[in-house]
Structure formats: C-alpha cells, structure tokens
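**Q**
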DNA sequence: AAGCGTATAATACATGTGTTTGAATCTCTC
DNA sequence: GAGAGATTCAAACACATGTATTATACGCTT
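Residue numbers (this note's numbering), protein chains in the order written: chain A, 39 to 257; chain B, 39 to 257.
1. Judging by CA-CA distance, which residue of B:48, B:56, B:113 is the nearest neighbour of residue 143 (chain B)?
2. Quick one: list the residues of chain A neighbouring residue 193 (chain B), beta-carbon separation under 9 angstroms, in chain order.
3. Does any C-beta atom of chain B lie closer than 9 angstroms to the C-beta of residue 42 (chain A)?
4. Where do the N-terminal and C-terminal ends of the alpha helix (DSSP H) with residue 232 (chain B) fall, by residue?
5. May I ask you to report which of helix, strand or coil DSSP gives residue 203 (chain B)?
6. Measure the beta-carbon distance from residue 107 (chain A) to residue 180 (chain A) and round it to whole angstroms, keeping in mind my assumption that it falls under 8 angstroms.
7. Rounded to the nearest angstrom, how far is the Cβ of residue 89 (chain B) from that of residue 51 (chain B), given a contact under 8 angstroms?
8. Pull up the distance between the alpha-carbon of residue 205 (chain A) and that of residue 148 (chain B), whole angstroms please.
9. Can you grab the Cα-Cα spacing for the pair residue 209 (chain A) / residue 160 (chain B), in whole Å?
10. How would you call residue 81 (chain B), buried or exposed, if buried means at least 16 neighbouring beta carbons within 10 angstroms?
11. Quick one: grab the DSSP three-state call for residue 39 (chain A).
12. Does the beta-carbon distance from residue 67 (chain A) to residue 116 (chain A) come in below 9 angstroms?
13. What residue range is occupied by the uninterrupted alpha helix (DSSP H) comprising residue 69 (chain A)?
14. Can you tell me the Cβ-Cβ gap for residue 125 (chain A) and residue 227 (chain A), rounded? I've got them flagged as a contact below 8 angstroms.
15. Among the candidates A:202, A:122, A:109, A:182, whose CA atom is the shortest distance from the CA of residue 139 (chain A)?
16. Return yes when the Cβ of residue 231 (chain A) is within less than 9 angstroms of the Cβ of residue 91 (chain A), no when it is not.
17. Could you pull out every residue in the same chain whose Cβ sits closer than 8 angstroms to the Cβ of residue 76 (chain B), ignoring the five residues on either side in sequence?
18. If we ignore side chains and look at the alpha-carbon of each, how far apart do residue 229 (chain A) and residue 189 (chain B) end up?
19. Using a beta-carbon distance below 9 angstroms, is residue 138 (chain A) in contact with chain B?
20. I'd like the list of long-range same chain contacts for residue 110 (chain A), defined as Cβ closer than 7 angstroms, with 5 residues on each side in sequence excluded.
21. Would you mind working out which of B:196, B:234, B:187, B:49 sits nearest residue 216 (chain A), comparing C-alpha positions?
22. Give the C-beta separation of residue 233 (chain A) and residue 242 (chain B) to the nearest angstrom, bearing in mind that I take them to be a contact with Cβ-Cβ under 8 angstroms.
23. Is the Cβ of residue 241 (chain B) closer than 9 angstroms to any Cβ of chain A?
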C-alpha cells in the first residue's frame with residue numbers, strides 16, 4: 039500500500055506538472071488528485087523537487103517502454119523506416135490521451151530547461167535523433183555534410199513537434215470540421231512523410247538546387 | 039515619468055513573464071528589474087493578471103510594427119517571397135535578443151493557452167498564416183486542396199518554430215563548434231527554404247508521388 | 001499478544017506571494 | 001508660491017504554499 043500511494047502520487051504529479059508546470063503545480067493539488075495525504079509527498083519523495091525529477095524519470099521510462107525503437111526487418115526500405123519513425127513520433131505526441139502528459143512534460147522541459155533536461159536529451163532524445171540520422175543516411179548522397187543531415191532531421195522533427203506544441207493554435211486557425219476532415223494522425227503522417235520524401239527526392243535528384251537559391255536576395 | 043515607470047514595468051514584465059511564465063513570475067521580481075516600487079504594478083495596472091494581458095498586447099504591437107508584413111514589389115517570384123517569409127520568421131524568433139521575449143511569450147501562450155490566446159491568433163498569427171498560404175498558392179497546382187496547403191504551411195512554420203521551441207535541446211544535441219559552423223540564422227534560412235522548395239518542386243513535378251506512399255505500410 | 005518499524009493522517013510553522021494602505025513626494029496649474 | 005492631483009514609497013495584511021512535527025493505525029516478527 040505504500041507503493042500504491044507512491045505510484046498514485048507519481049501519476050497524479052505527472053499530469054499536474056505537465057499541465058501547470060513545476061512552480062504553478064501545488065503539492066496540495068497533487069495529493070488531492072492522488073487521494074493521498076498532504077504529508078505523503080514529503081514522506082515518499084522528500085520534497086517537491088525530487089518528486090518532479092522522479093516524475094520526469096517515470097515519463098522517460100513509460101515513453102521508452104511504451105513505444106520502443108522499433109527493430110526493422112533487415113532489408114526495410116529507408117522510406118518505410120522514415121514512415122514508421124514519423125508515425126511513432128506523432129502517435130507518442132498526439133495519441134494515447136491517458137499517457138500524453140509525458141510528452142507535455144517533455145515539451146515543458148524544452149521550453150524551460152531544468153537540470154533534468156540534459157540527461158533527458160542524452161538518454162531519450164539523442165538515440166531517436168541518431169536513429170533518424172541513420173535513416174536519412176540511407177537516402178542521401180554519401181558525401182552529404184553532417185550539419186546538412188542534422189538540419190534535415192530537425193526539419194522532420196519540427197514538422198511533427200509542431201502539432202504537439204502549437205496544437206492549440208492549430209485548433210484556433212483551422213475550423214473544427216475541416217480539422218476533423220484532414221488533420222487526423224493518419225493524415226498528418228501521410229503529409230509529413232510525403233513532404234519530407236519529396237524534399238529528399240528532389241535534393242537527391244538535383245543537389246545543386248536548380249532554383250539557385252542564395253541567402254541574401256541576390257539570387 | 040508616470041509613463042516612464044509604467045513602460046519600464048511593461049518591458050521588465052515582458053522579459054520575466056517570457057522566462058518564467060505567469061505563475062512563477064513574481065511581481066516583486068518584476069518591480070526589482072524595473073527599478074520600480076512594489077506597489078506600482080498595482081497602481082498602474084490594477085493587478086498582476088491585467089499586467090500580463092497588457093504585456094501580451096505590447097508583444098503584439100512590437101512584433102507587428104517591428105517586422106510588418108513586407109509589401110513585395112508587384113512581380114516578386116513566390117520563391118523569393120517564401121525566402122523572405124522564412125527569414126522574417128527566423129529573425130523574429132532568434133534574432134533581436136533585446137526583443138525576443140515577445141516570441142518566447144507567444145510560445146508560452148501556445149503551450150498553455152490563456153484567454154489571450156484566441157485574439158492573439160486572430161490578430162497576429164492568422165494574417166501571417168494567410169500570407170504564407172497565398173504564397174504557396176502561387177507555387178502549387180491550382181486544384182490543391184485547402185487542407186493540403188494548410189499542412190504544407192504548417193510544415194514550413196514547424197521547421198522555423200522548432201529552433202525557437204527546442205532551441206535548448208538543439209544546443210545539447212549539437213556540439214557548440216558544430217553549431218556555430220552550420221546553424222546560424224542564415225544557415226537555417228537557407229536550409230529551410232531549400233528543403234521546402236525542394237519538396238514543393240517535387241510535389242509539383244509529380245503530384246502522384248512516384249514512391250507510391252500509402253499510410254499503413256501496405257505500400 | 002506485545003513490540004517494532006512503517007505508512008498515513010491532522011496539524012502547525014515559516015516563508016513568499018499578491019494586494020492594500022496611508023503617508024510622503026513630485027508635477028503642474030492658477 | 002500654494003495647493004491639488006498624480007505618483008511613489010515603505011510597511012503591513014491576508015492568504016496560500018512547501019515543509020516539519022506529532023500522533024495514530026497497520027502489518028509483521030517473536
């Protein structure tokens with residue numbers, strides 16, 4: 039039963055921290071939501087801050103075990119891998135409403151990094167990022183500079199992330215009926231993969247960029 | 039001089055609200071930063087919340103007048119318009135360190151919408167969004183469905199926004215020397231425009247998508 | 001059944017918060 | 001220059017929060 043209230047507190051804290059942020063969330067609210075006594079957070083975790091860190095660790099764990107890096111069959115086409123990657127990312131961020139506090143929590147960490155950010159990136163984000171890079175490797179000319187591959191990776195990640203971060207703004211910009219019609223997770227997956235593969239195809243076809251783009255309007 | 043402290047408070051509040059969020063920011067800290075008395079916030083604004091709303095309005099105003107929708111010469115190529123659009127967006131979000139609290143504030147509103155979000159979107163975001171849509175209109179097959187154009191617009195916006203939102207994570211992922219070498223605003227502008235134009239070119243060249251992508255892995 | 005360690009509960013305390021107050025100071029008009 | 005209104009200031013208030021303390025109930029060994 040000790041473990042019971044402990045994990046109840048963790049779950050409640052996850053959702054509330056994700057909603058309100060560390061400072062705005064109150065121990066009292068968390069305990070009320072967890073149906074636990076006010077003192078239990080102090081008993082089980084010492085103080086509010088280590089409860090927060092513990093919550094982030096949990097988000098970590100849940101995320102990785104809930105959607106592990108999928109092991110592809112040996113000869114999977116990189117296009118297919120990219121599709122699965124995008125799908126997984128969107129699913130993690132927009133699907134699973136009961137567990138989506140994990141991504142909201144990570145989003146908060148992005149915006150306002152705490153001490154937990156660095157290990158979070160190293161243990162959870164970087165493997166994903168490297169995997170995306172390796173997928174791109176298979177589709178790009180072998181001599182493509184590292185920083186180019188990184189920026190392409192960020193372009194793909196940014197497209198996915200946008201619907202988590204700016205979801206509320208999207209909801210205001212696009213009327214609901216239209217949103218239901220063309221902005222389901224499947225729709226977004228199709229679009230992002232289409233868009234990104236189109237870009238990669240064209241970049242591979244014409245690495246010199248026929249429209250001769252140059253930075254400062256002197257084109 | 040009344041107006042002086044009033045605007046000093048507004049400026050300080052903007053930066054601090056952007057850094058800490060509404061709840062975590064304290065009136066005392068704001069007044070200390072503004073070199074104003076603690077009571078002045080209440081005298082000039084009534085309470086903390088209307089100070090916050092006033093701050094958002096100011097962010098609004100500053101942003102629109104600082105980088106107004108640029109009026110293109112009549113026959114500007116859409117590619118060039120897109121370039122300027124992306125550049126403006128990046129510049130607003132990453133450049134101008136003294137005024138970048140405005141975009142951080144808006145980012146916060148995205149993540150945790152308040153009552154101010156809706157007017158913010160309608161008055162400030164939607165015009166930009168519509169302008170981007172009209173630029174895309176010039177480059178896409180005329181029959182392109184609205185929701186496709188919207189998603190393409192979000193793909194471009196998402197790429198730009200990513201460096202504001204996840205900037206800290208990018209900073210951890212990419213070692214500093216590499217970051218300096220390939221992730222300046224100019225570099226990002228070039229990449230995002232390249233990537234997006236490549237996608238648009240390929241989508242226009244082959245609207246049926248030669249790699250025959252279909253959503254559920256049955257390709 | 002007694003005693004012990006553990007988990008929970010209710011309460012108390014110190015601190016920091018937004019807000020208010022009333023006097024002091026400044027600014028401008030007459 | 002005097003007075004009235006506007007503005008600033010230091011201090012205080014009421015309240016909510018994180019944390020600590022104490023007491024009680026439970027499960028387990030002996």
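Glycine residues also receive a C-beta, built at the ideal position from the N, C-alpha and C atoms. None of the values given here were measured: they were computed from a predicted structure.
**A** According to the structure data:
1. B:56
2. 193, 196, 197, 200, 229, 230, 233, 234
3. no
4. 223 to 243
5. helix
6. With 8 angstroms as the limit, residue 107 (chain A) and residue 180 (chain A) do not qualify as a contact, their Cβ atoms being about 24 angstroms apart.
7. 6 angstroms
8. 8 angstroms
9. 12 angstroms
10. exposed
11. In this predicted model, residue 39 (chain A) has a pLDDT of only 45, less than 50, meaning its place in the structure is not dependable; the value taken from the coordinates is given anyway. Of the three classes helix, strand and coil, the one that applies to residue 39 (chain A) here is coil, per DSSP.
12. no
13. 65 to 71
14. 5 angstroms
15. A:202
16. no
17. 65, 66, 69
18. 7 angstroms
19. no
20. 119
21. B:187
22. That pair is no contact at about 12 angstroms.
23. yes
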